[in-house]
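In terms of UniProt numbering, the sequence shown opens at residue 1 and continues consecutively.
Backbone N, C-alpha and C define an ideal beta-carbon position, used for all residues, glycine too.
These numbers come from a predicted model, not from an experiment.
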Amino acid sequence: MIDKETITTLFHRFGVFTVLQNAVVCLVAYPCGEYSTGIFHGESASMGGLWSLISGLVVLQATTRDTWTSAGLRVLGTFIGAFVSGLYLSFLPFSPVGMAVSIGVTIALCQILKVPEHSRLAAITVAVIMVISHMNPTLNPAMNAVLRFGEACIGSVAALAIVFVTPRSETRS
């Protein structure tokens, strides 16, 4: 239920900024992701826009510093997940078991590389790439992995651009 305090908080200066920043990230990331993916693979262009938008929303955080940190996590995690899933799909077709094994390998790789905080985003990337390959079996696995990585970068850049133009305080609001 929405009460007076919630409405007041929403319209508080930083609440409005947060709403606007998220909206602008969506308005920038989706069409940029859709367009760039459409150049290379029209069938997955909408998914490319969605993946860019999701990446932008995941990266945008309560402070500018946290947004930069989140962007680093997103890009490296996506790279690791794209690498593992692209490699798997280059040799074997999609299967739920193969996806589960690939996610496990991805999480283990993040642990070995001493970046365990990247494992969640890396695992999500594996799932997205593998399901898109299942939906589009003619899509080259390497191209799929590169497109998804590029879309994550587009969303990350959109979020970083927004906090550059409208920086957030380093204290949480």
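Problem - Beta-carbon spacing of Val128, Thr106 below 7 Å - result: no
Exercise for the section: Return the residue from the list Leu60, Ser44, Ala23 that minimises the CA-CA distance to Leu160. Expected result: Leu60
Problem - Distance between Ser133 and Val126 (C-alpha atoms, nearest Å) - result: 11 Å
Handout entry: CB of Ser95 within 7 Å of CB of Pro141, strictly
Key = no
Exercise for the section: Helix, strand or coil for Ala62, going by three-state DSSP, please let me know. Expected result: coil
Exercise for the section: Look at the Cβ atom of Glu151, then the Cβ atom of Gly42, and state whether they are nearer than 7 Å. Expected result: no
Handout entry: Through-space distance from Leu147 to Asn136, alpha-carbon basis
Key = 13 Å
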